[in-house]
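Per the UniProt record's numbering, the sequence shown starts with residue 1, numbered consecutively.
Working notes, beginning with the structure itself.
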Amino acid sequence: MLRLSGLKLPLDHPAEAMPVAICERLGLEPQELLGHVVVRRGNDARRKNAIQLVYTVDVDVADEAAVLERFAKDHDVRPRPDTDYRFVAKAPAGWSGKRPVVIGAGPCGLFAGLILAQMGFRPIILDRGKLVRERTKDTWGLWRRAELNPDSNVQFGEGGAGTFSDGKLYCRVKDPRFLGRKVLEEFVAAGAPDDILTEAHPHIGTFRLVSMVEAMRRQIEGLGGEYRWQHRVDDLELERQGDGTQKLRGVHLADGGFIETDHVVLAVGHSARPTFEMLHRRGVHIEAKPFSIGVRIEHPQSWIDRARYGNCAGHPVLGAAAYSLVHHCANGRTVYSFCMCPGGRVVAATSEEGRVVTNGMSQYSRAEFNANSGLVVGIDPERDYPGGPLAGIELQRHWESMAFVAGGETYHAPGQRVGDFLAGRASTALGEVVPSYKPGVTMTDLSLCLPEFVLEAFHEAIPVFGRQIANYDHPDAVMTGVETRTSSPIRITRRKDLQSLNVAGLYPAGEGAGYAGGILSAAIDGIKVAEAVGMSIAAE
1 MLRLSGLKLP LDHPAEAMPV AICERLGLEP QELLGHVVVR RGNDARRKNA IQLVYTVDVD
61 VADEAAVLER FAKDHDVRPR PDTDYRFVAK APAGWSGKRP VVIGAGPCGL FAGLILAQMG
121 FRPIILDRGK LVRERTKDTW GLWRRAELNP DSNVQFGEGG AGTFSDGKLY CRVKDPRFLG
181 RKVLEEFVAA GAPDDILTEA HPHIGTFRLV SMVEAMRRQI EGLGGEYRWQ HRVDDLELER
241 QGDGTQKLRG VHLADGGFIE TDHVVLAVGH SARPTFEMLH RRGVHIEAKP FSIGVRIEHP
301 QSWIDRARYG NCAGHPVLGA AAYSLVHHCA NGRTVYSFCM CPGGRVVAAT SEEGRVVTNG
361 MSQYSRAEFN ANSGLVVGID PERDYPGGPL AGIELQRHWE SMAFVAGGET YHAPGQRVGD
421 FLAGRASTAL GEVVPSYKPG VTMTDLSLCL PEFVLEAFHE AIPVFGRQIA NYDHPDAVMT
481 GVETRTSSPI RITRRKDLQS LNVAGLYPAG EGAGYAGGIL SAAIDGIKVA EAVGMSIAAE
């Protein structure tokens with residue numbers, strides 16, 4: 001088959017328009033087109049009142065060689081790539097070696113565990129949190145009653161932070177082996193809607209993610225894998241080698257237990273701060289990495305729909321509109337939108353007492369009143385937190401604590417109307433936009449809980465964004481602080497074989513280790529690391 005990219009059709013085209021357009025694009029007679037399958041669908045909304053759908057299509061033609069020769073210089077006409085997943089290792093029949101351990105049950109740990117189980121290595125998956133439905137109750141405890149469980153919340157527990165998110169399933173990582181396709185197919189098998197296989201920007205939503213991670217857990221257990229909940233890893237058993245490096249021999253648990261193993265996938269999320277501190281004490285090589293800090297900004301979704309889609313706003317094919325913004329400021333900072341959640345809500349995402357953290361999430365329908373996204377400023381170790389590998393964590397904690405105080409020390413988030421922020425005055429009341437954050441928002445002055453350079457950058461960028469998206473800088477739009485956990489502030493450096501730079505048998509993986517940013521990229525990294533572990537065990 002051929003893969004044809006960039007095929008454009010009107011928004012309301014009939015089904016029969018697709019084969020006609022394919023024939024016109026490839027110069028075929030109707031009888032030469034034997035069949036077609038839609039691989040991807042996006043949209044081109046640059047002309048708001050003449051929006052087009054953009055397709056990637058796999059096409060079966062009578063003379064494939066002739067078409068490829070005719071379009072040899074056209075990058076939109078290529079042979080269909082092989083997207084099938086193939087295992088790189090398999091456990092020998094009757095294998096009874098030391099079982100690999102996966103620490104963390106988020107997207108990275110989930111797929112590391114799944115691939116290891118499918119290869120026959122019966123992984124043990126540890127998580128400090130709880131099963132997803134029990135964890136959901138604890139999470140609602142913070143949102144509804146301002147009661148935080150430090151071990152079971154938005155960050156910790158089955159499904160990881162991605163469970164309480166928009167469920168975005170796209171990323172910009174290079175994926176020559178189409179591992180992302182493996183992820184999407186496993187999600188569909190676990191109950192995700194089929195359209196995630198074809199939508200250019202697929203998403204799932206929190207409620208569907210809950211049942212999906214349960215289905216995948218059952219599959220892993222059915223293949224011999226084992227989950228152990230409320231099992232926090234507090235230390236590593238390391239053996240010094242003759243060359244000065246260390247070799248992993250097992251993990252120590254908070255309850256005093258010990259698991260002997262030679263292979264650990266460290267798939268903790270970006271909020272596993274005690275784990276990072278333990279690794280640093282143990283001499284595991286860690287380095288500080290850039291991340292971002294800012295707020296969540298909310299607008300009525302209808303404003304964003306009209307700004308992006310014009311008269312086509314509300315069209316069922318288009319759904320709720322999203323946006324992506326970036327501005328390079330005069331002070332050398334970059335402001336950009338992050339984790340945009342159409343038709344969603346801002347959620348309390350702290351995992352530590354006495355701190356306020358915001359994040360965004362949506363359901364599959366994306367039908368709630370407001371749109372929200374992170375509005376954040378990039379920061380880097382050399383300029384902003386030069387105090388060592390863990391200095392970024394202390395920076396996060398500082399501003400999260402300041403946000404807790406500014407919000408009234410009740411886990412309410414500090415908020416400010418955009419008009420008041422730009423005018424340099426505290427907010428005392430809401431306007432047209434009602435914030436969605438629970439347990440509540442305290443209107444105040446965000447300068448109490450953000451660095452000066454972030455405030456300066458926002459003052460420059462927000463009016464610029466208002467010229468790009470109508471009403472983005474509306475006086476009644478609401479900013480809610482603080483967004484600090486955009487990505488991990490550290491990287492646990494690894495070698496080409498994906499093991500820790502100086503601890504053999506330890507495989508840093510996913511977002512917490514600094515190698516992913518979001519559900520799909522974390523899952524892909526989990527697959528890669530599981531493959532590395534499988535090949536290592538098989539070679540023993």
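Note that the Cβ used here is the ideal one computed from N, Cα and C, for glycine as well.
Are residue i and residue j touching if we call contact CB-CB under 8 Å?
i	j	result
alanine 516	glycine 510	yes
histidine 263	isoleucine 492	no
leucine 318	serine 337	no
isoleucine 125	glycine 225	yes
leucine 169	proline 193	no
serine 436	valine 376	no
valine 77	leucine 2	yes
glutamine 396	proline 489	yes
serine 165	methionine 361	yes
methionine 535	alanine 89	yes
leucine 209	leucine 197	no
tyrosine 55	valine 265	no
proline 475	arginine 417	yes
glycine 180	isoleucine 524	yes
threonine 350	leucine 148	yes
alanine 367	tryptophan 143	no
glutamate 237	glutamine 246	no
glycine 294	glycine 387	no
Indicate the three-state DSSP secondary structure (helix, strand or coil) for residue i in the structure shown.
i	result
asparagine 331	coil
isoleucine 379	strand
glycine 512	coil
glycine 526	helix
isoleucine 286	strand
glycine 310	helix
residue 544	Residue 544 lies beyond the stretch modelled for the chain, which goes from 1 to 540, so this question has no answer here.
glycine 521	Note that residue 521 is serine in the sequence shown here, rather than glycine. In the structure shown, serine 521 sits in a helix (DSSP, three-state: H, G or I).
glutamate 298	strand
proline 10	strand
glutamine 246	strand
glutamine 468	helix
glutamate 260	strand
serine 96	coil
asparagine 43	strand
arginine 70	helix
If we ignore side chains and look at the alpha-carbon of each, how far apart do residue i and residue j end up?
i	j	result
leucine 110	serine 271	17 Å
threonine 486	alanine 200	23 Å
cysteine 23	tyrosine 411	59 Å
histidine 285	valine 57	45 Å
valine 173	glycine 518	11 Å
phenylalanine 276	valine 233	11 Å
tyrosine 472	glycine 466	5 Å
leucine 446	methionine 402	10 Å
arginine 128	threonine 139	15 Å
histidine 398	glutamate 287	20 Å
residue 544	asparagine 153	A question about residue 544 goes unanswered here, because the residues of the chain that appear run from 1 up to 540.
glycine 42	leucine 430	36 Å
cysteine 339	alanine 21	35 Å
alanine 161	glycine 269	8 Å
aspartate 235	valine 482	31 Å
serine 521	cysteine 171	6 Å
glycine 310	lysine 48	5 Å
asparagine 372	histidine 327	18 Å
serine 302	valine 39	30 Å
leucine 9	arginine 46	14 Å
valine 405	arginine 145	18 Å
leucine 248	glutamine 241	10 Å
Compute the beta-carbon to beta-carbon distance between residue i and residue j, rounded to the nearest angstrom, for a pair I have assumed lies under 8 Å.
i	j	result
alanine 413	cysteine 329	Actually they are not in contact, since the Cβ atoms of alanine 413 and cysteine 329 sit about 25 Å apart, beyond 8 Å.
valine 346	glutamate 400	Contact flag wrong, Cβ pair sits at about 15 Å.
proline 19	leucine 33	6 Å
asparagine 370	proline 439	Going by Cβ atoms, the distance from asparagine 370 to proline 439 rounds to 17 Å, so no, they are not a contact pair.
leucine 131	proline 123	Incorrect: roughly 17 Å between the Cβ atoms, too far for contact.
residue 542	glutamine 363	The requested residue 542 is not part of the displayed model; the chain covers only 1 to 540.
threonine 261	proline 100	6 Å
glycine 514	proline 107	Incorrect: roughly 15 Å between the Cβ atoms, too far for contact.
alanine 267	alanine 112	6 Å
leucine 26	leucine 4	7 Å
arginine 296	threonine 358	5 Å
Using a Cβ cut-off of 8 Å (strictly closer), state whether residue i contacts chain B.
i	result
threonine 245	In the structure shown, chain B cannot be found, because there is only a single protein chain.
*Considering only residues of the stretch 164 to 239, which uninterrupted alpha helix (DSSP H) runs meet the minimum length of 4 residues and lie entirely inside it, listed in chain order?*
179 to 189, 206 to 222
*Which full runs of the alpha helix (DSSP H) of 4+ residues lie inside the stretch 347 to 426, going along the chain?*
381 to 384, 391 to 406, 418 to 423
*For the stretch 441 to 510, which segments carrying the alpha helix (DSSP H) assignment without a break, of at least 4 residues, lie completely within its bounds, in sequence order?*
452 to 468
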